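K.L.:
One structure follows; several queries about it will come next.
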Amino acid sequence: MKFSESLIKTRREKVKEADSINADLLIRGSYIDQLASGVYTYLPLGLKTIEKISSVIRDEINKIQGQEILMPVLQPKENWQKTGRWETEDNLYKFTSYYSKTDLVLGPTHEEVVVPLAKKFIFSYKDLPKYLYQIQNKFRDEKRAKGGLLRGREFIMKDLYSFHSSKEDLDDYYEKASNAYKNIFNKVGIGSKTYKTFASGGSFSKYSHEFQTESDSGEDLIYLCKKCKVAVNKEIINEQSTCPECGNPKLTEIKAIEVGNIFKLMSKFSAPFGLTYRDRLGEDKPILMGCYGIGLGRLMGAIVEVSHDKDGLIWPIEIAPFKVHLINMGDNREVLTETKRLYEKLMKKKIEVIWDDRSESNGVKLTDADLIGIPIRLIISNKTLESKAIELKERARDNSEMIQYDNILTRIKEIVDVK
RNA sequence: CGGGGUGUGGCGCAGUUGGCUAGCGCGCCGCGUUUGGGACGCGGAGGUCGGAAGUUCGAGUCUUCUCACCCCGACCA
1 MKFSESLIKT
11 RREKVKEADS
21 INADLLIRGS
31 YIDQLASGVY
41 TYLPLGLKTI
51 EKISSVIRDE
61 INKIQGQEIL
71 MPVLQPKENW
81 QKTGRWETED
91 NLYKFTSYYS
101 KTDLVLGPTH
111 EEVVVPLAKK
121 FIFSYKDLPK
131 YLYQIQNKFR
141 DEKRAKGGLL
151 RGREFIMKDL
161 YSFHSSKEDL
171 DDYYEKASNA
181 YKNIFNKVGI
191 GSKTYKTFAS
201 GGSFSKYSHE
211 FQTESDSGED
221 LIYLCKKCKV
231 AVNKEIINEQ
241 STCPECGNPK
251 LTEIKAIEVG
261 NIFKLMSKFS
271 APFGLTYRDR
281 LGEDKPILMG
291 CYGIGLGRLM
301 GAIVEVSHDK
311 DGLIWPIEIA
321 PFKVHLINMG
331 DNREVLTETK
341 RLYEKLMKKK
351 IEVIWDDRSE
361 SNGVKLTDAD
371 LIGIPIRLII
381 SNKTLESKAI
391 ELKERARDNS
401 EMIQYDNILT
411 RIKEIVDVK
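Residue numbers for the first sequence, in this note's numbering: 1 to 419.
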């Protein structure tokens, strides 16, 4: 991608509406644009990043046998009445069809869709277990949107629903999902600051678990056991005031962002819809369910909160919109020729590269590169031409290195693979 | 949903006690000079002041209503 052809216009000044680091940096870097309170457009850079995150999530969920589907955003009122949430949920976007006068909900979650769906496909113990997930926009009429991507009214979410014939099977899968979540958060670069956290489990199971990423912009207070790297949400700290793993009574209070949540639903949603299966003896038994959510935009925001410096974003290589940010310094013929040659070489090798081919001053290009936060910066200038080398600097490091032309691909691959 | 704040070219802002063609910086367009950390000169374009109603000889400045955004709380992936 050439910078000059992209939809990137960085901003110099702080964004007035931005109430958080992620909102400020993502807007200034042309990753997102705010349309309304808590409602954002993903621009090319932002969408690429979201797609990288999606891909990490898909890989891990597919590994635990998740099957991807795509359910409707429009959901009929009747299903929500059946579970009682038409009345109890206060952040549903409800509206009435102009023509048919039918009442509808913009989906904030999909139990009301996936359970009736499962009824059409799951009849027998032979059909179980099943794991269905989707990545889709959700809508919640939040009283107050805040924190940039951390709490929106429309947001992208991965929601996985599991269906089981027994509590043991559900328990087993719940652990698998928990491990998949750990892998996901490791891969997107926030593993070391993300803690499995015991949270309220509602009426059907004692606890649910959240994955909480330590950050001052977090809305949640959690109590962390530094030995086990496990935490307890403030909402249950009275009933669980020691580390659930080792009993350690010395927990540290930290602020955190909830990037994921896993929940044993048991028969909470299967019951109202009469979702059952026939067992070996010919008896009808309730199907037990789990649900497992990750907000992708929130995750992206959390990554920014964790990984940035005063100059801008610092993307972990796995989810960066590009691997390489190529800059020609100056635009004399030799520099341009050599930069173009390198650009094409990288493209040919399928290394995702953005070339800042603008005739901006060097200062502007360097500052923008820092802001946008691509992991590997390559520079070609008169200086580098003299030594027949390319300057390589990693966004996350302070020092740069000079790489001979023939070694550049190898060096890039080293950096990409190590991470 | 309660309390508070802010709306002025694309972005960030200034605009005295109401007063004449609404300013500034950045960005944008043209020409030229520049190029290792947000270059410079010259010349341009662009706003009717969130919206509506009102007070007044006169409103960006005052009043009322309204919309939007932001903050603080209570609730939540």
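We treat Cβ as the ideally placed atom computed from N, Cα and C, and that holds for glycine. Values in this document were obtained by computation on a predicted structure and should not be read as measured data.
Enumerate in chain order the residues of its own chain whose CB-to-CB distance from Ala-177 is below 6 Å, with the five nearest sequence positions on each side excluded.
P.N.:
In the first sequence, the residue the question calls residue 177 occupies position 177. For Ala-177, where only same-chain residues beyond five positions count, the Cβ hits under 6 Å are Ile-262, Tyr-292.
K.L.:
Note down, one range per segment and in chain order, each beta strand (DSSP E) of at least 3 residues found wholly within the region 361-413.
P.N.:
Those beta strand (DSSP E) runs which fall completely within the region 361-413 and span 3+ residues are 376-380, 389-394, 400-404.
K.L.:
Let me know the secondary structure DSSP gives Asn-140 once reduced to three states.
P.N.:
Along the first sequence, one-based indexing puts residue 140 at 140. According to the sequence shown, residue 140 is Arg rather than Asn. Coil.
K.L.:
Among Thr-109, Gln-134, Asp-127, which has the Cα closest to the Cα of Arg-140?
P.N.:
Residue mapping note: residue 140 aligns to position 140 of the first sequence, counting from 1. Of the listed residues, the one whose Cα sits closest to Arg-140 is Thr-109.
K.L.:
With a Cβ-Cβ cutoff of 8 Å, do Pro-286 and Ser-307 count as a contact?
P.N.:
Here residue 286 refers to the residue found at position 286 when the first sequence is read from its first residue. Here residue 307 refers to the residue found at position 307 when the first sequence is read from its first residue. Going by C-beta atoms, Pro-286 is not nearer than 8 Å to Ser-307.
K.L.:
Tell me which same chain residues have a C-beta within less than 7 Å of the C-beta of Leu-70, skipping the five on either side of it?
P.N.:
Locating residue 70 in the first sequence gives position 70, where the first residue counts as 1. Around Leu-70: Gln-134, Gln-136.
K.L.:
Going straight from the alpha carbon of Val-324 to that of Ile-379, what length do you get?
P.N.:
Along the first sequence, read from residue 1 onward, the residue named residue 324 stands at position 324. Along the first sequence, read from residue 1 onward, the residue named residue 379 stands at position 379. C-alpha separation (whole angstroms): 10 Å.
K.L.:
Pick out the complete beta strand (DSSP E) segments inside the region 112-139, 3 residues or longer, and give them in chain order.
P.N.:
Those beta strand (DSSP E) runs which fall completely within the region 112-139 and span 3+ residues are 130-139.
K.L.:
Quick one: any contact between the region 394-404 and the region 355-367, if contact means 3 or more CB pairs under 8 Å?
P.N.:
As far as the Cβ criterion goes, the region 394-404 does not touch the region 355-367, which means the pair count is below three.
K.L.:
Evaluate the contact criterion for the region 118-130 versus the region 270-285: three or more CB pairs, one atom per stretch, below 8 Å.
P.N.:
Yes, since at least three Cβ pairs between the region 118-130 and the region 270-285 fall closer than 8 Å, the two stretches touch.
K.L.:
Report yes or no: do the region 332-346 and the region 5-22 share at least 3 C-beta pairs separated by less than 8 Å?
P.N.:
The region 332-346 vs the region 5-22: no contact.
K.L.:
What are the residues that DSSP puts in a beta bridge with Gln-67?
P.N.:
Numbered from its first residue, the first sequence carries residue 67 at position 67. Leu-132, per the DSSP bridge assignment.
K.L.:
What residue from Asp-90, Leu-132, Gly-148 has the CA that sits closest to Lys-16's CA?
P.N.:
For the purposes of this step, residue 16 is identified with residue 16 of the first sequence, where counting begins at 1. The shortest C-alpha separation from Lys-16 is found at Gly-148.
K.L.:
With a 10 Å radius around its C-beta and 16 neighbouring C-beta atoms as the bar for buried, classify Tyr-99 as buried or exposed.
P.N.:
The residue you call residue 99 lines up with position 99 of the first sequence. So Tyr-99 ends up on the exposed side.
K.L.:
Give the DSSP bridge partners of Arg-151, in chain order.
P.N.:
What you label residue 151 is simply residue 151 of the first sequence in a count that begins at 1. DSSP output for Arg-151 lists Lys-146 as bridge partner(s).
K.L.:
What does the alpha-carbon distance come out to for the pair Gly-330 and Glu-391?
P.N.:
One-based indexing of the first sequence puts residue 330 at position 330. One-based indexing of the first sequence puts residue 391 at position 391. Cα to Cα, the separation comes out at about 14 Å.
K.L.:
Pick out whichever of Glu-258, Thr-367, Phe-322 has its Cα sitting closest to the Cα of Asn-2.
P.N.:
Within the first sequence, the letter at position 2 stands for residue 2. It should be pointed out that residue 2 corresponds to Lys in this sequence rather than to Asn. Among Glu-258, Thr-367, Phe-322, the Cα nearest to that of Lys-2 is on Phe-322.
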